[in-house]
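Here this note's numbering is used: position 153 in the sequence shown is 306, and no number is missing along the way. Here a beta-carbon is modelled for each residue, glycine too, at the ideal position from N, C-alpha and C. Here the structure comes first, spelled out in structure tokens, and everything after it is commentary.
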Amino acid sequence: DDAKALLERYNITDHFDFTETPKDKSLFEKVYNVPVVSNTIALVAMKKEAQALGYDVLSVGDEWYGSPNELVETLVKMKAPNTVILGGGEPAMTVTHGGGSGGRNEYVSSLMIEHIPNDCVFVSFASDGIDNCSESAGGIVDSSTKEKSLTLSKTIKEYLDQYQHDELLTDLDARIITGPTEANVSDLFLLVCK
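This is the structure in structure tokens:
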């Protein structure tokens with residue numbers, strides 16, 4: 154009813170049909186939901202592979218909804234030799250004005266550039282292969298990305314202040330392009346340290 158009222162207020166009801174979920178529980182007696190994939194499943198597989206490669210594995214959990222700055226700070230603080238730090242979720246962003254394109258993963262990757270430890274690689278990506286309105290799934294950065302950023306005509310802060318994180322990672326050749334994966338289990342991020 155609230156949604157209908159809002160659409161009516163703006164006179165845009167022509168293109169919407171409203172269907173309420175049936176309330177008769179007998180209709181669902183033979184319905185079984187079976188999770189096929191989740192970010193927990195993805196993180197367990199990532200942990201297993203990292204351990205098989207000889208890394209120690211730490212986790213920030215599968216429900217990260219804090220800010221991108223908090224995520225970067227947490228990951229860097231957890232850094233340890235021969236360690237992979239994994240996490241999943243959807244870092245909370247507040248966009249205050251228009252600007253460039255890109256999503257959370259490119260933003261987090263861009264933030265990490267100035268904080269990346271010399272012996273680490275950071276990856277943040279959308280599991281569905283599309284980071285908001287970008288063709289990118291996310292970004293991958295290391296100390297060479299940091300060095301390359303010093304040759305750009307704008308600072309990282311200038312890119313981020315205008316929400317031009319897609320443009321920044323494009324300029325640094327640090328985007329991850331997968332195309333749509335047709336499976337969305339939230340964002341995934343990892344910091345791999347030698």
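Are the CB atoms of residue j and residue i within a distance shorter than 8 angstroms?
{"i": "Ala327", "j": "Val294", "result": "yes"}
{"i": "Ser212", "j": "Ser280", "result": "no"}
{"i": "Val248", "j": "Tyr316", "result": "yes"}
{"i": "Glu267", "j": "Ile330", "result": "no"}
{"i": "Gly219", "j": "Pro188", "result": "no"}
{"i": "Asp351", "j": "Ser289", "result": "For residue 351 there is no data in the structure shown, the boundaries of the chain being 154 and 347."}
{"i": "Leu160", "j": "Phe169", "result": "yes"}
List the whole-angstrom C-beta distance separating residue i from residue j, where the pair is believed to meet the contact cut-off of C-beta under 8 angstroms.
{"i": "Leu321", "j": "Met199", "result": "That pair is no contact at about 26 angstroms."}
{"i": "Tyr208", "j": "Asn186", "result": "No, Tyr208 and Asn186 are not in contact; Cβ-Cβ is about 34 angstroms, not under 8 angstroms."}
{"i": "Gly255", "j": "Asn285", "result": "6 angstroms"}
{"i": "Leu264", "j": "Asn222", "result": "7 angstroms"}
{"i": "Ser262", "j": "Gly282", "result": "Not quite, the Cβ-Cβ distance comes to about 15 angstroms (not below 8 angstroms), so this is no contact."}
{"i": "Val164", "j": "Leu341", "result": "Sequence inspection shows Asn at residue 164; the Val mentioned does not correspond to that position. At roughly 41 angstroms, the Cβ-Cβ gap does not stay under 8 angstroms, so Asn164 and Leu341 are not in contact."}
For residue i, which three-state DSSP category applies?
{"i": "Asp154", "result": "coil"}
{"i": "Ser179", "result": "helix"}
{"i": "Ile194", "result": "helix"}
Leaving out the 5 sequence neighbours to the left and right, which residues in its chain are closer than 6 angstroms to residue i when beta-carbon positions are compared?
{"i": "Leu228", "result": "Ile238 and Leu344"}
Go through its chain and collect everything with a Cβ distance to residue i's Cβ below 8 angstroms, but skip five positions before and after it.
{"i": "Glu99", "result": "Nothing can be reported for residue 99, as the shown portion of the chain is limited to 154 through 347."}
{"i": "Glu216", "result": "Gly241 and Gly242"}
{"i": "Val190", "result": "Ala336 and Val338"}
Practice task
Say whether the region 298-314 touches the region 263-271, bearing in mind that this needs 3 or more beta-carbon pairs closer than 8 angstroms, one atom from each stretch.
Solution key: Between the region 298-314 and the region 263-271 there are three or more inter-stretch CB-CB distances shorter than 8 angstroms, so the stretches are counted as touching.
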